[in-house]
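> Numbering (this note's numbering), first residue to last: 270 to 645.
From the three backbone atoms N, C-alpha and C, an ideal C-beta is built for every residue, glycine too.
Input: one structure, supplied below.
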Amino acid sequence: MEDPNGRRDFVRKAMLGAAGGATVLAGCGGGPADSGEGANVQTRPTVRWRLASSFSRSLDTIYGVAEVMAERLSELTDGKFQIRAYPGGELVPAFEVLEAVQKGTAQMGHSASYYFIGKNPALAFDATVPFGLTARQYWAWVYHGGGLDLLRELFADFNIINFPGGNTGAQMGGWFTDPISGLGDLRGLRMRIPGLGGRVMDELGVTVQQIPGGEIYPSLERGAIDAAEWVGPYDDEKLGFHQIAKNYYYPGWWEPGPALSFYVNRDAWDQLPTAYQQALEVACHEAGALMLASYDAKNPAALQRLLDQGVQVRKFPDDIMQAASEATTAMLEADASDPAYRKIYDAYKQWRADSYRWFGLAEQAYADFAYDNILT
Ligand code: CA
């Protein structure tokens, strides 16, 4: 198939070549001889990649990160480096994104790495673990605490180089058809909650259900489940859970700062000119930062709309929080019997302890006062 831009690229290269020649001529007058333009053409090839996302197009905030990144990358490379994003299920199924990038079916992916803990349990630390780091603490760990190096060691086994790719911020605890008065009310409760949070809830007596996002609403509606968690006000509102279950619990202690990641096939990465590698890294970083800002911008209004429709926000009782944190520690310690997991868990745990001590001072004291008292 002929590249629709092939002719334009040829013309552009020819023009750059002519300009280079003119510069060389000018250089005869005593200025520096040109060496840049010819090399510039060589290092700015047209590159087209495919990106497999795990998310559906309707989740504009999460899925949209891939498109924001691709658009910026194109701008940074004068349209030379184009990435086309595909929603979950179009190129590959949502939960096969890592494998697709590993094999090179897509040069790039965007996902939440806790979807792939079946391949390596330590991949959870690339996303989040119950009672883990908040979004800011995670970024600090990744960019300045050695976290990215540890995570890249994990992804090297999959022939992938990973880049942080967004965060939802602390999630809500989900929708319950009836209020929960304490730990005893969890026994036998049927709840949709995936991943490590589901494992902890199972320890607390919950009958955990694994249900894809699109099937949560009908399951609640027909009474097949009593509770379900998703993300937070902005995303949850779209799925309509508030029409059935009016009790909206917080916090989502299993996802205090879930991070998304971009995955890049190592061979594809190695073939990129250095300038394109830099542009891609910048575009990923910017898109990720904008994603968190987008949630923080959209959630307040969405929460108000939900409250206006009679939703009751409720805090998880203390005994549930305490039991959940103890069950989480036992679970993570048990998983750390694997030495590779232990290495990253110990680093993460130390960073969390240091971060909690710091954030527990000025940030905490300010929030405790201001969020309750300064309302206008
Ligand atoms: Ca969630």
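Can you tell me where the alpha helix (DSSP H) holding Met-441 begins and where it ends?
Unbroken run through Met-441: none, as it is neither H nor E.
> Is it right to say Phe-350 is buried, meaning 16 or more other beta carbons lie within 10 angstroms of its own, or is it exposed?
buried
> According to DSSP, which residues form a beta bridge with Met-460?
Val-477, Ala-496
> Do the CB positions of Ile-485 and Trp-499 come within less than 8 Å of each other?
yes
> For ligand 1, I want to know if Glu-595 counts as a neighbour, meaning its beta carbon is within less than 7 Å of at least one of the ligand's heavy atoms.
Within 7 Å of the C-beta of Glu-595 there is not a single heavy atom belonging to ligand 1.
> Excluding the five sequence neighbours on either side, which residues of its own chain have a C-beta within less than 6 Å of the C-beta of Gly-414, listed in chain order?
Trp-620
> Buried or exposed, going by whether 16 or more other CB atoms sit within 10 Å of the CB of Ala-566?
exposed
> Apart from the five residues just before and just after Ile-589, which ones in its own chain have a Cβ nearer than 8 Å to its Cβ?
The answer, listed in chain order, is Ile-449, Gly-451, Leu-452, Leu-455, Leu-473.
> Kindly indicate which three-state DSSP category Leu-529 falls into: helix, strand or coil?
In the three-state reduction of the DSSP assignment, Leu-529 falls in the strand class, which pools E and B.
> Per DSSP, which one or two residues make a beta bridge with Met-590?
Partner(s): none; Met-590 has no beta bridge.
> Taking the runs of the alpha helix (DSSP H) that are 4 residues or longer, which of them lie wholly in the segment 322-359?
329-345
> DSSP has Ser-380 in a bridge; who is on the other side?
Answer by DSSP bridge pairing, in chain order: Ser-530.
> Can you grab the Cα-Cα spacing for the pair Gly-438 / Pro-527, in whole Å?
7 Å
> At 4 residues or longer, what runs of the alpha helix (DSSP H) sit wholly inside the segment 535-592?
535-539, 543-577
> Would you call Tyr-617 buried or exposed, if buried means 16 or more other Cβ atoms sit within 10 Å of its Cβ?
Buried.
> Looking at the secondary structure, which residues open and close the beta strand (DSSP E) in which Ile-485 lies?
Note, Ile-485: premise wrong, no beta strand (DSSP E); alpha helix (DSSP H) at 485-490.
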